[in-house]
Amino acid sequence: MEQLAELVLNGVSSGAVYAALALSLMIIYQATRVVNFAQPGLALIAAYTAFSVTRATGSYWLGFVLALVVGGALGVLAERLLIRPVQRRSELSAIIVTLGLLMLLQGVAGMVWSNEPHSFPYPLDFRGRFSATDAFAVAAVGVTALGLLLLFRYTPLGLRMRAAAFRPEVARMVGVRVGLMLTVGWGIASVIGALAGMLAVPPFIFPNVLDGVFVYGITAAVIGGLDNPFGAVLGGFTLGIGLSLVSGYLGPELVTLAALVIVVVVLSLRPDGLFTRPRARQV
Amino acid sequence: MSAPAPAPPALEVHDLVSAYGAVRAVDGVSLTVPAGSITAVLGANGAGKTTLLRTVSGAKAAQSGRVLADGVELTRLPADRVVRHGVAHVPEGGGVITQLTVEENLRLGGLWRADRADRVRAREEMYQLFPVLAERRRQPAGALSGGERQMLAIGRALMARPRVLLLDEPSLGLAPMVTRRLLRLLRELRDGTGLTVVLVEQNARGALSVADHGFVLSLGRVAASGDADRLLADDRTRHAYLGF
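Protein chains in written order, with the UniProt record's numbering: chain C, 1 to 283; chain S, 1 to 244.
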């Protein structure tokens, strides 16, 4: 019982990171049908920015805020400069561009900050079973998900973004600036990605630090269904807890395999994800 | 005392060419739509009616030619800018966004306007005009019937308080009675608010019964035009292009 509680709590805190990554992937996927493989690269540069700022100023939180700003700005630039020119040709080109961007950003990070790991601070106290840092991670992701839900459901901007995602041509006819909505979506998604990066990086930062977490982020997004924030968050926590239990009871070497098994099972039973209403087939 | 300069027509199209690849779906169309009129654009399937509307509203780029609304050049503007110039387009099938609620669809139509109070006022007006939408405001638009979707689509376009309303086959798939009600409504809107309506229809008889003028398109060109009564009475046009 003691062990179960411990494993679940561990799972909740890593699940928060997966949930944040899943959210950032979902926002872009929903708007453009592109899985943004560059997300860990954008988050990486954001986290390195935080690293440099924190080292220069001694303030973790200044670095944290700047990481989110830089992450969002990079997302906006990536959409405007790289994705938009190829998007019209095909979704596949855009996806391949995001893959290329990931490699580029990781390479640049290695050149600027070196490939050696640097120690990276936790936001708060990280000792103990469910530390202040874990609580911060869960709270930050919870607030983000709630904020997104409110944004999409209840604000004019959210309504425009949804319209642009569902029916871009119709949205344009009723005056929605669809291109701007896509840029805003990439910006928001990348801010959330940067948040996930800040939570996932410690204790060490190096160019490939987010690769593993990102794979779980995609897994969480697929489990939850790529089309609503609830699904992404639940997918993240489900995966976090599930993997933590596998690691505790069956052994940590099975975690990656377990993630794969979960994806395969979910996709064969509920291809739209666990937490979405299955869509009627479009005729 | 000199006579005041005549007001420019609500919509002018000069020599418009709009192509898909090598196919010129609209091949040099010119037409003038007087303010406050209902103008029917008729013709068989593939005559270029839908392409004409899409090119006028900026949903599709023109190869050449000009489009002006109230004398203002709209030719190369994208659709989201054209609607800001008072030209609203209801696409074929209505273009209701089924995943959004009825009210969200409606609100969407006026969101670009800065005047928040008037957006709310316009919404209430639409609910008065289409009481069935008010009853179903919280439901997903996908739950509406075909006629209700057309009403929602028209209501959404009117939320922009346009001067010109472009309607693409509003009667498509509707029962004859619903079609009649819809066409009558257009007439009332025109009479009540001075709205200019461009009505693309295959249902030529229905369209001409409410229209003031008509243009008949054939293979991307204007084949015949004139007053609606005259087009209805002209056997040659009717047989050749309108099929009744």
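A virtual CB, placed ideally from N, CA and C, is assigned to each residue, including glycine.
Secondary structure of residue i, DSSP reduced to three states
| i | result |
| --- | --- |
| S/Arg76 | coil |
| C/Leu274 | coil |
| C/Val209 | coil |
| C/Ser190 | helix |
| C/Glu116 | coil |
| S/Glu104 | helix |
| C/Tyr60 | helix |
| S/Val67 | strand |
| S/Thr193 | helix |
| S/Leu174 | coil |
| C/Phe237 | helix |
| C/Arg281 | Confidence is the limiting factor: at C/Arg281 the pLDDT is only 47, short of 50, which leaves the residue's position unreliable and the question unanswerable from this model. |
| S/Pro162 | coil |
| S/Arg138 | coil |
| S/Val200 | strand |
| S/Arg236 | helix |
| S/Gly243 | coil |
| C/Val176 | coil |
| S/Asp115 | coil |
| S/Arg221 | strand |
| C/Leu124 | coil |
| S/Phe130 | coil |
| C/Val201 | coil |
| S/Leu144 | coil |
| S/Ala7 | coil |
| C/Val35 | coil |
| C/Asn10 | helix |
| C/Arg153 | helix |
Expected contact under 8 Å - CB spacing of residue i and residue j to nearest Å
| i | j | result |
| --- | --- | --- |
| C/Tyr18 | C/Leu226 | Not confirmed; about 14 Å, so no contact. |
| C/Leu159 | S/Arg121 | With 8 Å as the limit, C/Leu159 and S/Arg121 do not qualify as a contact, their Cβ atoms being about 19 Å apart. |
| S/Val102 | S/Leu144 | 7 Å |
| S/Leu232 | S/Thr39 | So it is not a contact: roughly 14 Å between Cβ atoms. |
| S/Val96 | S/Ala141 | 5 Å |
| C/Ala43 | C/Gly197 | 3 Å |
| C/Val246 | C/Ala258 | 4 Å |
| C/Met161 | C/Gly193 | Rounded, the Cβ-Cβ distance is 17 Å, inconsistent with contact. |
| C/Pro202 | C/Phe120 | 5 Å |
| C/Leu66 | C/Ala50 | 6 Å |
| S/Met126 | S/Met159 | 7 Å |
| C/Val76 | C/Gly63 | About 20 Å separates the two Cβ atoms, so there is no contact after all. |
| C/Gly16 | C/Ala137 | As written in the sequence, residue 16 of chain C is Ala, which differs from the Gly given in the question. Their Cβ separation, rounded to whole angstroms, is 4 Å, which keeps C/Ala16 and C/Ala137 in contact under 8 Å. |
| S/Arg238 | S/Gly28 | Going by Cβ atoms, the distance from S/Arg238 to S/Gly28 rounds to 24 Å, so no, they are not a contact pair. |
| C/Leu102 | C/Ile45 | No, C/Leu102 and C/Ile45 are not in contact; Cβ-Cβ is about 11 Å, not under 8 Å. |
Rounded C-alpha distance that separates residue i from residue j
| i | j | result |
| --- | --- | --- |
| S/Gly46 | S/Gly243 | 15 Å |
| C/Ser14 | C/Phe237 | 8 Å |
| S/Ala224 | S/Met151 | 30 Å |
| S/Ala59 | S/Arg81 | 10 Å |
| C/Pro117 | C/Ile205 | 5 Å |
| S/Leu52 | S/Leu182 | 22 Å |
| S/Leu174 | S/Asp227 | 26 Å |
| C/Leu195 | S/Arg76 | 41 Å |
| C/Leu239 | C/Val255 | 10 Å |
| C/Met1 | C/Val8 | 11 Å |
| S/Ser37 | S/Arg187 | 9 Å |
| S/Pro34 | S/Thr98 | 34 Å |
| S/Val13 | S/Arg180 | 28 Å |
| S/Arg190 | C/Gly273 | 49 Å |
| S/Lys49 | S/Trp112 | 28 Å |
| S/Ala61 | C/Pro271 | 38 Å |
| S/Ala22 | S/Arg66 | 20 Å |
| S/Glu92 | S/Asp70 | 25 Å |
| S/Gly43 | S/Ala114 | 39 Å |
| C/Phe126 | C/Ala135 | 10 Å |
| C/Val283 | C/Arg88 | For C/Val283, the pLDDT reaches just 43, beneath the cut-off of 50, and the residue's location in the model is therefore unreliable, leaving the point undetermined. |
| S/Arg116 | C/Glu91 | 37 Å |
| C/Ile95 | S/Gly110 | 34 Å |
| C/Ala164 | C/Met181 | 7 Å |
Those residues which DSSP pairs with residue i across a bridge
| i | result |
| --- | --- |
| S/Gly214 | S/Ala40, S/Gly226 |
| S/Thr32 | S/Glu12 |
| C/Pro229 | Bridge partners of C/Pro229: none, in fact. |
| S/Tyr20 | S/Val23 |
| C/Val69 | Partner(s): none; C/Val69 has no beta bridge. |
| S/Val90 | S/Leu167 |
Near-chain C residues of the segment 130-145 of chain S (beta-carbon distance less than 7 Å), N- to C-terminal order: Under the 7 Å Cβ criterion, the segment 130-145 of chain S contributes no residue.
Identify each residue in the segment 157-180 of chain C for which the Cβ-Cβ distance to at least one residue of chain S is less than 8 Å, and report them in chain order. Within the segment 157-180 of chain C, the residues whose Cβ lies closer than 8 Å to any Cβ of chain S are, in chain order, Leu159, Arg160, Arg162, Ala163, Phe166, Arg167, Glu169, Val170, Ala171, Arg172, Met173, Val174, Gly175, Val176, Arg177, Val178.
Against chain C: residues of the segment 86-100 of chain S by CB proximity under 7 Å: Those residues of the segment 86-100 of chain S that come within reach of chain C (Cβ to Cβ, closer than 7 Å) are His89, Pro91, Gly95, Ile97, Gln99, Leu100.
Which residues of the segment 190-213 of chain S have a Cβ closer than 8 Å to any Cβ of chain C? Give them in chain order. If the cut-off is 8 Å between Cβ atoms, the segment 190-213 of chain S has nothing near chain C.
Output, in sequence order along the chain, the residues in the segment 49-64 of chain S whose CB is closer than 7 Å to any CB in chain C. Against chain C - using a Cβ distance shorter than 7 Å - the residues of the segment 49-64 of chain S are Ser57, Ala59.
Counting only Cβ-Cβ distances shorter than 7 Å, please list the residues of the segment 147-171 of chain S near chain C, keeping chain order. Close to chain C, meaning a Cβ-Cβ distance shorter than 7 Å, are the following residues of the segment 147-171 of chain S: Arg156, Ala160.
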